[in-house]
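In UniProt numbering, the protein residues as written are 1 to 403.
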DNA sequence: CACTCGTGGAA
DNA sequence: TTTCCAAGAGT
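Here it is as structure tokens:
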């Protein structure tokens with residue numbers, strides 16, 4: 001027996017919150033009924049053709065690797081969006097070793113357009129650790145894989161449940177919707193997740209964790225959606241949210257916040273060779289380590305970043321007003337989840353002393369923050385999506401900027 | 001623990 | 001059109 005398995009003998013009365021936040025008490029009978037109907041439905045109408053599902057033509061190691069990659073891509077991202085990215089990624093990096101030995105730039109390039117780019121950077125780092133410490137084979141050990149960058153509680157559990165058929169319960173967006181509605185859990189967002197953890201554990205079908213985990217996610221993604229299809233649902237007779245006409249208020253919705261606006265100027269410089277100047281963005285903030293155009297913040301989204309200079313070389317700083325021949329060439333808006341970006345594109349010429357400094361630096365260091373790149377090489381650089389779209393418009397003869 | 005981090009689908 | 005938010009994790 002694996003000593004790390006969650007307890008198989010937990011008592012419902014002790015582990016579940018049987019109080020007034022539930023519309024009705026949870027019973028062992030309700031759980032057995034839920035598992036049986038869910039697995040029966042999954043067998044008949046589940047999504048059995050997802051490309052990361054384990055296949056006999058792959059080894060255990062490769063099947064686990066594919067499940068891992070898919071789980072990272074699927075974080076906060078819908079299945080239909082992920083599938084083409086997954087196929088391209090697997091062609092480029094078919095094994096953990098291939099991913100570990102690739103450059104971060106190549107990994108980010110295959111992530112371009114998918115968003116949340118820290119996933120790609122963490123994945124690359126985790127692949128190196130996996131190859132070093134476990135020969136590329138994801139071990140059946142929760143703590144070991146949980147310690148890898150980018151793998152949290154839900155992803156670790158999903159990998160063990162789907163890859164090793166081990167009884168680890170997940171708590172993702174699907175499970176949150178499904179189980180909050182089935183049990184009728186009415187609680188604010190933070191308290192809700194704390195309550196749902198033991199509930200997810202209790203509902204897990206320990207005879208078949210792999211199918212159960214895929215089943216509850218398929219159910220949440222196709223029927224028990226944000227706007228649920230209760231008219232086609234097979235669980236309305238035990239769904240407390242349905243029985244109390246509360247599927248619209250369960251689970252509790254996030255508090256909505258006003259989106260701040262950030263205004264930036266983007267600079268388009270050409271040199272004598274017809275190359276343009278790209279900025280490799282810092283590793284931490286938005287679009288970390290992606291290549292964009294040199295940027296000046298005109299109006300920040302918080303009080304801290306009200307404005308910034310474009311270059312700071314030695315003691316001299318360059319701001320928008322230093323480029324007196326600048327001409328506005330384009331403007332666009334880009335909506336993030338948490339703020340709105342307003343960008344104005346300017347063409348300008350680079351002062352000669354500044355151009356000399358950049359030429360010197362880039363011949364010495366390929367990882368320099370500012371790099372001259374030929375137009376026909378732009379497609380190979382990982383870019384933020386709005387920058388890729390902008391390049392598509394500026395250089396329509398090269399139509400390879402967006403994935 | 002509240003905030004940060006992308007993009008596109010759905011209504 | 002605007003708004004919400006999806007197979008979350010890191011800080």
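We put the beta carbon where it would ideally sit given N, CA and C, even for glycine.
Being a predicted model, the structure only gives us computed values, none of them experimental.
(message) Quick check on DSSP: helix, strand or coil for residue 298?
(response) strand
(message) Taking a contact to mean a Cβ-Cβ separation below 8 Å, would you say residue 265 touches residue 320 in this structure?
(response) yes
(message) Three or more C-beta pairs under 8 Å: does that hold for the segment 83–99 against the segment 258–272?
(response) no
(request) Please name the residue or residues paired with residue 372 in a DSSP beta bridge. (result) 277
(message) Out of 114, 252, 183, 72, which one is the CA nearest neighbour of residue 190?
(response) 252
(message) Whole angstroms are fine: how far does the CA of residue 244 sit from the CA of residue 404?
(response) Because the chain spans 1 through 403 in this model, residue 404 falls outside it and cannot be assessed.
(request) Spell out the partners DSSP gives residue 178 in its beta bridges. (result) Answer is none; residue 178 lacks a bridge partner.
(request) Could you please give me the residues that DSSP links to residue 317 through a beta bridge? (result) Residue pairing by DSSP places residue 317 opposite 312 in a beta bridge.
(message) Quick test of the definition: if touching needs 3 or more C-beta pairs under 8 Å, does the segment 162–175 touch the segment 115–133?
(response) no
(message) Once the 5 residues before and after residue 122 are set aside, which same chain residues still bring their CB inside 7 Å of it?
(response) 149, 150
(message) Quick test of your reading: residue 51 and residue 87, contact by CB under 8 Å. State the CB separation rounded to the nearest angstrom.
(response) About 6 Å separates the Cβ atoms of residue 51 and residue 87, confirming a contact at the 8 Å cut-off.
(message) Contact defined as beta carbons within less than 8 Å: I believe residue 179 pairs with residue 203. What is the distance between those atoms, to the nearest angstrom?
(response) Right, their Cβ atoms sit about 6 Å apart.
(message) Below 8 Å on the Cβ atoms is my contact criterion, and I expect residue 137 with residue 235 to pass it. Report the Cβ-Cβ distance as a whole number of Å.
(response) Not a contact, Cβ separation roughly 38 Å.
(message) Helix, strand or coil for residue 263? Go by DSSP, reduced to three states.
(response) strand
(request) Might you give, ordered along the chain, the residues of its own chain that have their beta carbon closer than 6 Å to the beta carbon of residue 66, omitting 5 neighbours on each side? (result) Hits under 6 Å: 52.
(request) Report yes if the CB atom of residue 156 is closer than 8 Å to the CB atom of residue 145, and no otherwise. (result) yes
(request) Check residue 353 in the structure and name its three-state DSSP category. (result) helix
(request) Specify the secondary structure class of residue 200 as computed by DSSP and reduced to three states. (result) In the structure shown, residue 200 sits in a helix (DSSP, three-state: H, G or I).
(message) Please classify residue 8 as buried or exposed, where buried requires at least 16 neighbouring CB atoms within 10 angstroms.
(response) In this prediction, residue 8 scores a pLDDT of 35, lower than 50, which makes its location untrustworthy; the coordinate-derived value is nonetheless stated afterwards. Classification for residue 8: exposed.
(request) Run the CB neighbour count on residue 40, radius 10 Å, all protein chains shown included, and call it buried at 16 or more, exposed below. (result) exposed
(message) Just to confirm the assignment: which complete alpha helix (DSSP H) runs, minimum length 4, are found wholly within the UniProt domain "HhH-GPD" (73–222)?
(response) The UniProt domain "HhH-GPD" (73–222) contains these whole alpha helix (DSSP H) runs: 79–92, 96–101, 104–111, 118–134, 142–146, 153–164, 173–183, 189–203, 209–222.
(request) Give me the Cα-Cα distance between residue 223 and residue 44, rounded to the nearest whole angstrom. (result) 14 Å
(request) Please list, in chain order, all residues of the same chain as residue 339 whose beta carbon is under 8 Å from its beta carbon, the five residues on each side excluded. (result) Its chain contains 259, 260, 261, 262, 301 as the residues whose beta carbon lies nearer than 8 Å to that of residue 339, once the 5 sequence neighbours on both sides are disregarded; these appear in chain order.
(request) Within 10 angstroms of the Cβ of residue 215, are there 16 or more other Cβ atoms? Answer buried if so, exposed if not. (result) buried
(message) By the DSSP assignment, the beta strand (DSSP E) with residue 342 in it spans what residues?
(response) 340–347
(message) Could you tell me the alpha carbon to alpha carbon distance between residue 350 and residue 70, rounded to whole angstroms?
(response) 44 Å
(request) Output the distance between the C-alpha atoms of residue 75 and residue 217, rounded to the nearest integer angstrom. (result) Going from the Cα of residue 75 to the Cα of residue 217 covers about 13 Å.
(request) Using the Cα positions of residue 4 and residue 182, report the straight-line distance between them to the nearest angstrom. (result) Here residue 4 scores only 39 on pLDDT, less than 50, and its place in the model should not be relied on; the value that follows carries that caveat. Cα-Cα distance, rounded: 29 Å.
(message) What would DSSP say about residue 329, mapped onto helix, strand or coil?
(response) When secondary structure is reduced to three states using DSSP, residue 329 falls in the strand class.
(message) Taking a contact to mean a Cβ-Cβ separation below 8 Å, would you say residue 126 touches residue 107 in this structure?
(response) No, the Cβ-Cβ distance between residue 126 and residue 107 is not below 8 Å.
(request) Quick one: grab the DSSP three-state call for residue 324. (result) Of the three classes helix, strand and coil, the one that applies to residue 324 here is coil, per DSSP.
(message) Spatial neighbours of residue 326 within its chain, please: C-beta separation below 6 Å, excluding the five flanking residues on both sides.
(response) 346, 348
(message) Quick check on residue 393: buried or exposed, where buried means 16 or more other Cβ atoms within 10 Å of its Cβ?
(response) Residue 393 is exposed by the Cβ-count criterion.
(request) Assign residue 384 to buried or exposed, taking buried as 16 or more other Cβ atoms, counted over all protein chains shown, within 10 Å of its Cβ. (result) buried
(message) Check this for me: beta carbons of residue 115 and residue 177, under 8 Å apart or not?
(response) no
(message) Please identify the residue among 240, 83, 198 whose C-alpha is closest to the C-alpha of residue 23.
(response) 240
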